Amino acid sequence: MKKVFLKELVLMISALTTIIFVSCNPTQIPKEYVYDVYLTGYEQDSLTKKDRVMLWKNGKATALTNGEYEAGGNSVFVYGEDVYIGGYEFNEIDKRVAKLWKNGKGTELTNGDRQAEVHSLFIDNNNVYTFGYENKTNESMSYVAKIWKNNEETPIKAGERSYAYGGFVSGNNVYAVGYELYKAMLWKNGEATPLTNGEKFAFANSIFVLGEDVYVGGNHNDTAIVWKNGKSIALTDGKREADINSVFVVGDDIYAAGYEFNEENKPTAKMWKNGKATILSSEKSIASSLYVIDDDVYVVGNEGRKAMLWKNGEATAFNNGKYIANIKSVFVVKREK
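As numbered in our numbering, residues 578 to 914 make up the sequence shown, in order.
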């Protein structure tokens with residue numbers, strides 16, 4: 578009888594201890610996050626009427642150039658605490674200079690003797706890759722695709738009349754996309770692969786790599802195209818001009834942004850998810866870039882003279898249209914509140 582009583586007492590004490598422990602254990606507070614939205618593009622200076630490189634962070638605008646010379650931002654990338662923007666600025670002899678801005682400070686990647694531009698950038702393992710072009714001579718059609726790593730030119734097999742529009746780094750592989758002599762092109766570690774045969778005009782604007790799969794967005798014979806591992810997927814029927822300017826992949830979902838001309842022969846901004854189109858604006862507009870994070874889709878571009886952001890289809894204008902502005906690139910950073 579005594580043993581039974583002791584056993585019951587032990588069980589009661591154990592249960593009581595469990596109740597006390599559970600009741601005293603504070604409820605874990607779910608983490609809260611905020612999303613910092615970085616945008617770049619250009620806005621016309623009110624005095625000189627020349628375009629300035631702009632950075633918008635959560636809607637707050639900062640000009641990176643003073644409006645003395647025409648300039649524009651084409652790509653924004655955030656790495657740690659640093660904000661990088663790639664683009665161009667004209668110089669005193671009216672040559673377009675390829676430039677990279679880090680936290681507002683500009684660095685020239687070309688000497689300014691010939692036309693050049695940065696169109697895209699990507700940062701991996703503290704290495705800064707920029708993609709664009711530089712003319713070989715002062716002839717307007719002598720442009721050649723370029724890749725710079727940490728501001729130094731790297732080898733790429735590209736001939737005249739070629740251009741690198743987009744880039745991506747995955748593992749040890751550096752990818753670039755663009756065009757060369759009417760063909761949409763993919764470069765992997767400098768080696769060239771045409772995505773089209775050159776019979777019809779085509780170009781590639783954007784690339785996204787996920788695992789072993791390589792996605793490229795662009796245009797072939799006026800049709801908006803996504804290539805997956807070299808195989809083309811048409812997003813429009815080709816009856817009206819259309820183009821993909823940006824591609825982004827999350828899991829099995831393929832997002833693309835660009836435009837398609839409407840019945841009134843005006844380009845209208847569109848976003849596609851797995852081939853299904855969403856019209857972002859009924860006005861003359863173009864979607865230039867997109868970013869997807871935690872089921873939110875950010876698309877940027879322009880609507881007439883206005884710089885635009887569409888978040889999940891909801892439009893926000895960053896200027897009133899008095900002076901021309903355009904957003905070319907978006908990057909979103911998630912951080913704890």
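Using N, Cα and C, we set each Cβ at its ideal position, and we do this for glycine too.
Small disclaimer: the values here were computed from a predicted structure and weren't measured.
For residue 759, the closest C-alpha among the options 752, 745, 736 is that of 736. Burial check for residue 664: the Cβ neighbour count within 10 Å reaches 16 or more, so the residue is buried. In this chain, the beta strand (DSSP E) harbouring residue 631 covers 628-634. In summary, residue 639 is exposed, with fewer than 16 beta-carbon neighbours lying within 10 Å of its beta-carbon over all protein chains present. Per DSSP, the beta bridge partners of residue 864 are 878. Taken through DSSP and simplified to helix, strand or coil, residue 718 comes out as coil. Within the segment 664-727, the complete beta strand (DSSP E) segments at least 3 residues long are 673-679, 682-685, 693-701, 704-712, 720-726, listed from N- to C-terminus.
The C-beta of residue 610 has fewer than 16 other C-beta atoms within 10 Å across all chains shown, which makes the residue exposed. If the five residues before and after residue 719 are omitted, its C-beta is found closer than 7 Å to the C-beta atoms of 712, 713, 737, all from its own chain and listed in chain order.
By the neighbour-count definition (other C-beta atoms within 10 Å, threshold 16), residue 670 is an exposed residue. In summary, residue 796 is buried, with 16 or more beta-carbon neighbours lying within 10 Å of its beta-carbon over all protein chains present. The beta carbon of residue 839 sits closer than 6 Å to the beta carbons of 845 from its chain, once the five residues preceding and following it are set aside; these are given in chain order.
Of all C-beta pairs linking the segment 871-881 to the segment 619-632, fewer than three are shorter than 8 Å, placing the two stretches out of contact. A distance below 7 Å separates the beta carbons of residue 674 and residue 689. Taking a contact as a CB-CB distance under 8 Å, the pair residue 661 and residue 698 counts as one, their CB atoms being some 6 Å apart.
Residue pairing from DSSP places residue 621 in a beta bridge opposite 628. Counting along the chain, residue 912 sits inside the beta strand (DSSP E) bounded by residues 902-913.
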